[in-house]
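Chemist: Residue numbers (my numbering): 2 to 347. A single structure is presented below for examination.
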Ligand SMILES: O=C(O)C(=O)CO
């Protein structure tokens, strides 16, 4: 029997060498490194890598240079390809439905960065309650008057998050971990909105209250946290900002396009919201200048998931997915479109 081919996209493995050896023992590994879209398309059309059965992308910063995985790319994949295992939690750049129509499982790696993203969310939540962005900007300005003003005035509007409510949009793996941390560390009241209600055991573990309707939760939360995948629509637009509790806060660690930034700016300018914490941005990698000028907005450069531990986990989980799929169990661990692959088979 011939040895199956695996296409490794992007950087070399950095951490999990023993597991990579297993991959090398089971597959012929072809490499694309960091190809632009035109070259990648040409390579697929000319079958540069043969009839590969799997694609593996271990690092979130490389191996994505070909751009979005849409019909143009997916239709060029060999019929032999069955699985794409990639670094990263979000998969807004890949048409997982189109992959499913070609019988290809897409496996993300949310589990590998859950801890990092949840920690970053806690950092942003804390910042929005305690005015830490204002404090940090004042210190970094090297301006004595700004330092003195921050030192004198911050306490008047800073709050301990303890006892306040955190309204989580999307209680998936990451949302739940944030709930656990906020509940345990700050005794925050956990509210959540999701398309599915979680099992009682999960709700009880963080004393969570379920809201079937997002609009209702928005009116009750002291801080709204966005932790849901981007599926093409905003979840908080101008009408939703109006429904948010007066004096509340917004934190987004999911995707920038889930939030209307003009409406966010308006809500901050008119004081309806008192603070925001954003790891992600609508026009990434560009940051909105109005938000950047606000002391009550804590901004990050989409690094909530960026840690050595996430990188190690991304590498490992991708390989486990591929080895699992082609192994005796015949099952990928984290296929996000498994239901669509099944449907397409019918
Ligand atoms: O892994 C991802 O998709 C992230 O954006 C983590 O921050």
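Where is the CB? At the ideal position from N, CA and C, for every residue including glycine.
Could you check how far apart the C-beta atoms of residue 75 and residue 103 are, in whole angstroms? I think they sit under 8 Å.
Modeler: Here residue 75 corresponds to residue number 74 of the chain shown, with the count starting at 1. Here residue 103 corresponds to residue number 102 of the chain shown, with the count starting at 1. Between residue 103 and residue 75 the Cβ distance is about 6 Å, and since that is below 8 Å, they are a contact.
Chemist: Tell me where the alpha helix (DSSP H) around residue 340 begins and ends.
Modeler: Position 339 of the chain shown, counted from the first residue, corresponds to residue 340. Element bounds for residue 340: 339-346.
Chemist: Regarding residue 303 and ligand 1, is the C-beta to nearest heavy atom distance less than 7 Å?
Modeler: What you label residue 303 is simply residue 302 of the chain shown in a count that begins at 1. Checking the Cβ of residue 303 against ligand 1 gives yes.
Chemist: Out of curiosity, what's the CA-to-CA distance linking residue 243 and residue 52?
Modeler: Looking up residue 243 in the chain shown gives position 242. Looking up residue 52 in the chain shown gives position 51. Taking the straight line joining both Cα atoms gives about 53 Å.
Chemist: Can you say whether residue 335 is buried or exposed, counting buried as having 16 or more other CB atoms within 10 angstroms of its CB?
Modeler: Here the question's residue 335 lines up with position 334 in the chain shown. Result: buried.
Chemist: Just checking residue 108 against ligand 1 - is the residue's beta carbon closer than 7 Å to any of the ligand's heavy atoms?
Modeler: Here the question's residue 108 lines up with position 107 in the chain shown. Answer for residue 108: no, Cβ out of range of ligand 1.
Chemist: Quick one: Cα of residue 298 to Cα of residue 152, how far?
Modeler: In the chain shown, the residue the question calls residue 298 occupies position 297. In the chain shown, the residue the question calls residue 152 occupies position 151. The alpha-carbon atoms of residue 298 and residue 152 are separated by roughly 18 Å.
Chemist: Could you pull the start and end residues of the alpha helix (DSSP H) that residue 319 belongs to?
Modeler: Within the chain shown, residue 319 is the residue found at index 318, counting from 1. Start and end: 309-327.
Chemist: Would you check if there are 3 or more beta carbon pairs closer than 8 Å linking the region 132-149 to the region 339-346?
Modeler: No, the region 132-149 does not touch the region 339-346.
Chemist: Below 8 Å, how does it come out for the region 318-330 and the region 221-228: are there three or more Cβ pairs, yes or no?
Modeler: Contact fails: fewer than three Cβ-Cβ distances are below 8 Å.
Chemist: Closer than 8 Å by C-beta to residue 231: which residues in its own chain qualify, once you throw out the five before and the five after it? Chain order, please.
Modeler: Along the chain shown, read from residue 1 onward, the residue named residue 231 stands at position 230. Contacts found: 91, 93, 255, 256, 258, 259.
Chemist: Starting from residue 130 and walking both ways along the alpha helix (DSSP H), at which residues does that stretch end?
Modeler: The count along the chain shown starts at 1 and reaches residue 130 at position 129. Element bounds for residue 130: 111-131.
Chemist: So, for residue 292: in the same chain, excluding its five sequence neighbours on each side, which residues have a beta-carbon less than 6 Å away from its beta-carbon?
Modeler: In the chain shown, counting from the first residue as 1, residue 292 sits at position 291. The answer, listed in chain order, is 298.
Chemist: What residue range does the alpha helix (DSSP H) around residue 78 cover?
Modeler: Your numbering for residue 78 matches position 77 in the chain shown. Run containing residue 78: none; DSSP gives neither H nor E here.
Chemist: Can you find the residues in the same chain that come closer than 8 Å, C-beta to C-beta, to residue 71, ignoring five residues on each side of it along the sequence?
Modeler: By one-based count along the chain shown, residue 71 stands at place 70. Same-chain partners within the cutoff: 96, 99.
Chemist: What does a CB cutoff of less than 6 Å around residue 268 pick up in its chain, not counting 5 residues either side in sequence?
Modeler: As a first step, residue 268 is located in the chain shown; it is residue number 267 there, counting from the start. Only 242, 274 meet the Cβ criterion.
Chemist: Closest to residue 5 by C-alpha separation, out of 27, 15, 198, would be which residue?
Modeler: For the purposes of this step, residue 5 is identified with residue 4 of the chain shown, where counting begins at 1. Looking at the Cα atoms, 27 is the closest of the given residues.
Chemist: List in chain order: all unbroken alpha helix (DSSP H) runs of 4+ residues lying wholly within the region 190-219.
Modeler: 201-206, 215-219, all fully within the region 190-219.
Chemist: Let me check understanding here. Comparing Cα to Cα, which of 183, 239, 170, 187 lies closest to residue 213?
Modeler: Translated into the one-based positions of the chain shown, residue 213 becomes position 212. Ranking the options by Cα distance to residue 213, first place goes to 170.
Chemist: If I follow the unbroken alpha helix (DSSP H) through residue 355, where does it start and stop?
Modeler: Residue 355 is absent from the structure shown; the chain starts at 2 and stops at 347.
Chemist: Quick check on residue 94: does DSSP put it in helix, strand or coil?
Modeler: Counted from its first residue, the chain shown places residue 94 at position 93. In the structure shown, residue 94 sits in coil (DSSP, three-state: anything other than H, G, I, E or B).
Chemist: Output the distance between the C-alpha atoms of residue 80 and residue 184, rounded to the nearest integer angstrom.
Modeler: Along the chain shown, one-based indexing puts residue 80 at 79. Along the chain shown, one-based indexing puts residue 184 at 183. Cα to Cα, residue 80 sits roughly 47 Å from residue 184.
Chemist: Give the secondary structure of residue 136 by DSSP, where H, G and I count as helix, E and B as strand, and everything else as coil.
Modeler: For the purposes of this step, residue 136 is taken as residue 135 along the chain shown, with counting starting at 1. Helix, per DSSP.
Chemist: How is residue 177 classed by DSSP in three states: helix, strand or coil?
Modeler: Translated into positions along the chain shown, residue 177 becomes position 176. Correct three-state label for residue 177: helix.
Chemist: May I have a chain-ordered list of the beta strand (DSSP E) segments no shorter than 3 residues that lie completely inside the region 263-307?
Modeler: With a minimum length of 3 residues, the continuous beta strand (DSSP E) runs that stay inside the region 263-307 are 274-279, 298-300.
Chemist: Taking the continuous alpha helix (DSSP H) assigned at residue 38, which residues delimit it?
Modeler: Counting from one through the chain shown, the residue named residue 38 turns up at place 37. Note, residue 38: alpha helix (DSSP H), 38-46.
Chemist: Please classify residue 351 as buried or exposed, where buried requires at least 16 other C-beta atoms within 10 Å of its C-beta.
Modeler: Outside the displayed span of the chain (2 to 347) sits residue 351, for which this structure offers no information.
Chemist: What do you reckon, is the C-beta of residue 227 under 7 Å from a heavy atom of ligand 1?
Modeler: Taking the first residue of the chain shown as 1, we reach residue 227 at position 226. No; taking the cut-off as 7 Å, the Cβ of residue 227 has no heavy atom of ligand 1 nearer than that.
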